[in-house]
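Below is one structure, written out as structure tokens; the observations come after it.
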Amino acid sequence: MSRLILSRTISNKISQNSLRYSFSVGINQCFKRDFSPQKHETWRDENESDNVPKVKKRDGTFGQIDKNRGFVDYHRNPEPYRGPLERVFDWNEINYELPQHDEVERTVQAARCMDCGTPFCQTHTGCPVNNLIPEWNELVFKNQWQDAIDRLHKTNNFPEFTGRVCPAPCEGACVAGLVDSPVTIKNIEYAIVERAWDEGWITARVPKYRTGMSVAVVGSGPAGLAAADCLNQYGHKVTVYEREDRVGGLLMYGIPNMKLDKDKVARRVNLLADEGIEFVTNANIGVSIDIHDLRTNHDALVLCLGSTMPRDLNIPGRDLQGVHFAMEFLTKNQKRLLMTQSGNFESGWDKSFVSAEGKDVVVIGGGDTGTDCIGTSVRHRCKSVVNFELMPRPPDSRSPKNPW
5 MSRLILSRTI
15 SNKISQNSLR
25 YSFSVGINQC
35 FKRDFSPQKH
45 ETWRDENESD
55 NVPKVKKRDG
65 TFGQIDKNRG
75 FVDYHRNPEP
85 YRGPLERVFD
95 WNEINYELPQ
105 HDEVERTVQA
115 ARCMDCGTPF
125 CQTHTGCPVN
135 NLIPEWNELV
145 FKNQWQDAID
155 RLHKTNNFPE
165 FTGRVCPAPC
175 EGACVAGLVD
185 SPVTIKNIEY
195 AIVERAWDEG
205 WITARVPKYR
215 TGMSVAVVGS
225 GPAGLAAADC
235 LNQYGHKVTV
245 YEREDRVGGL
255 LMYGIPNMKL
265 DKDKVARRVN
275 LLADEGIEFV
285 TNANIGVSID
295 IHDLRTNHDA
305 LVLCLGSTMP
315 RDLNIPGRDL
325 QGVHFAMEFL
335 TKNQKRLLMT
345 QSGNFESGWD
355 KSFVSAEGKD
365 VVVIGGGDTG
375 TDCIGTSVRH
385 RCKSVVNFEL
395 MPRPPDSRSP
405 KNPW
């Protein structure tokens, strides 16, 4: 039997018997989730002269969209993903290319934000970058989208990335979730930044003055790009060094294309280059470039390095053929995909691609990376997938032990 084992950060002390649960995914399994948008019903009086319809509330009445009782009057309606039986046959993003919610539905969802006294969504438990979530929810409700992207960029360098791949702990921290479903914060963030790109509101911000100081940033992942962006806006001359052949680090080669399209990464990188940041690829610091040369040629050095040393699983059978680390599997797949898209596949591929086609796949680890391995294996047309996860299965709804 042909098998492919993909391992992700599992402690050496873990044996198969200690794995709490597993689940299998069949390629031809029936998908029960409804992926069509369940929009709020609207109604217009024939004598009304404005373009704002009345919206049906939970109690069955119709009225103008009201934010004072929005979380009571309206139900949560997240933007739908593309249907699973459609998206498993391609590498395109799971999001629809165009928004599925109209202007009215987006306003209704923004109206559900409670304007609570203590917005846990933007604290350290809800948002690692402390996004000003209630503020830009309010601005979307008022149809002030350009102000909303300004507030979003106050704390978040790249909302088009977080709006796609962030696991949205803000929604788990949403106060409305204590008594009902949380606000669709991630959808609203995504809608704000994509509208800003479409409207041309996101443009190159070239610093008016330069300090004369030079900074080298090693690593072009999310941390490296964010550091480079901030330092450049302060007026320093910034050069980013990347070991791989493309800029982006984890954004480019770690996160699969179906979660984050690489054209979206290139869009932001090109903007940063237009703002004056220089990028140097194939720069393996300590190998192709001496670290002392960097320190000599720059006034400051910022290390924004990701971990490329996976945690191994020291158990019998680890040395068998077909056992791979997750990032090896994902990175080689993404490189192959990009080569195919650019037309350089036949001349540039070294035949080191790890394929799950026709294999029974076991994925050890149930986090984001494990999920990425599952999605990639399914798109390879694997025979079956089994996922081993150390932790207990999370509840279907908010746990009493998760008050915020």
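Under the working numbering, the first residue of the sequence shown is numbered 5, with each subsequent residue one higher. Backbone N, C-alpha and C define an ideal beta-carbon position, used for all residues, glycine too.
(message) Give me the DSSP bridge partner(s) of G67.
(response) For the purposes of this step, residue 67 is taken as residue 63 along the sequence shown, with counting starting at 1. The partner list for G67 (beta bridge, DSSP) reads V59.
(request) Indicate the three-state DSSP secondary structure (helix, strand or coil) for T285 in the structure shown. (result) Residue 285 sits at position 281 when you count from the first residue of the sequence shown. Here T285 sits in coil by DSSP.
(message) If you reduce the DSSP assignment to three classes, tell me which class I196 lands in.
(response) Position 192 of the sequence shown, counted from the first residue, corresponds to residue 196. DSSP places I196 within a helical segment (H, G or I) once states are collapsed to three.
(request) Report the three-state DSSP secondary structure of L305 (helix, strand or coil). (result) In the sequence shown, counting from the first residue as 1, residue 305 sits at position 301. Under the three-state reduction of DSSP output, L305 falls in the strand class.
(request) Report, in whole angstroms, the separation of the C-beta atoms of P211 and N191, which I expect to be a contact under 8 Å. (result) Residue 211 sits at position 207 when you count from the first residue of the sequence shown. Residue 191 sits at position 187 when you count from the first residue of the sequence shown. Incorrect: roughly 33 Å between the Cβ atoms, too far for contact.
(message) So, for G30: in the same chain, excluding its five sequence neighbours on each side, which residues have a beta-carbon less than 7 Å away from its beta-carbon?
(response) Position 26 of the sequence shown, counted from the start, is the residue given in the question as residue 30. Low confidence applies to G30: its pLDDT is 40, below 50, so where it sits in the model is not reliable, and the reading given next is rough at best. S388.
(request) Answer with buried or exposed for C34, where buried requires no fewer than 16 other C-beta atoms within 10 angstroms of its C-beta. (result) To locate residue 34, count along the sequence shown from 1; it is residue 30. Only weak support is given to the placement of C34: the predicted model assigns it a pLDDT of 34, under 50, and the value that follows is read from those uncertain coordinates. Burial call: exposed.
(request) Pick helix, strand or coil for E109, following the three-state DSSP scheme. (result) The sequence position of residue 109 within the sequence shown is 105, counting from 1. Of the three classes helix, strand and coil, the one that applies to E109 here is helix, per DSSP.
(request) Assign L334 to buried or exposed, taking buried as 16 or more other Cβ atoms, counted over all protein chains shown, within 10 Å of its Cβ. (result) In the sequence shown, counting from the first residue as 1, residue 334 sits at position 330. Classification for L334: buried.
(request) Count the C-beta pairs between the segment 262-278 and the segment 356-369 that are closer than 8 Å, then say yes if the count reaches three, no if not. (result) Contact between the segment 262-278 and the segment 356-369 is absent: fewer than 3 CB-CB pairs across the two stretches fall below 8 Å.
(request) Check S381 in the structure and name its three-state DSSP category. (result) On the sequence shown, residue 381 is found 377 positions in, with the first residue counted as 1. Correct three-state label for S381: helix.
(request) Return the first residue and the last residue of the beta strand (DSSP E) that F329 is part of. (result) Numbered from its first residue, the sequence shown carries residue 329 at position 325. Run containing F329: V327 to F329, per the beta strand (DSSP E) assignment.
(request) Taking 7 Å as the cut-off, decide whether the C-beta atoms of G258 and S224 are in contact. (result) Counted from its first residue, the sequence shown places residue 258 at position 254. Counted from its first residue, the sequence shown places residue 224 at position 220. Not closer than 7 Å, so no.
(request) Determine which residues share a DSSP beta bridge with K244 and list them. (result) Here the question's residue 244 lines up with position 240 in the sequence shown. Looking at the sequence provided, one finds Val at residue 244 rather than Lys. Within the DSSP secondary-structure output, V244 pairs in a beta bridge with V221 and F283.
(message) Beta-carbon within less than 7 Å of H3's beta-carbon, same chain only, minus the 5 sequence neighbours each way: which residues are those?
(response) In this structure the chain extends from 5 to 408, so residue 3 is not present and cannot be described.
(request) Please report how far the alpha carbon of L341 lies from the alpha carbon of N96, in whole angstroms. (result) As a first step, residue 341 is located in the sequence shown; it is residue number 337 there, counting from the start. As a first step, residue 96 is located in the sequence shown; it is residue number 92 there, counting from the start. Roughly 11 Å between the two C-alpha positions.
(message) Rounded to the nearest angstrom, what separates C120 and Q338 at their Cα positions?
(response) Counting from one through the sequence shown, the residue named residue 120 turns up at place 116. Counting from one through the sequence shown, the residue named residue 338 turns up at place 334. Cα-Cα distance, rounded: 42 Å.
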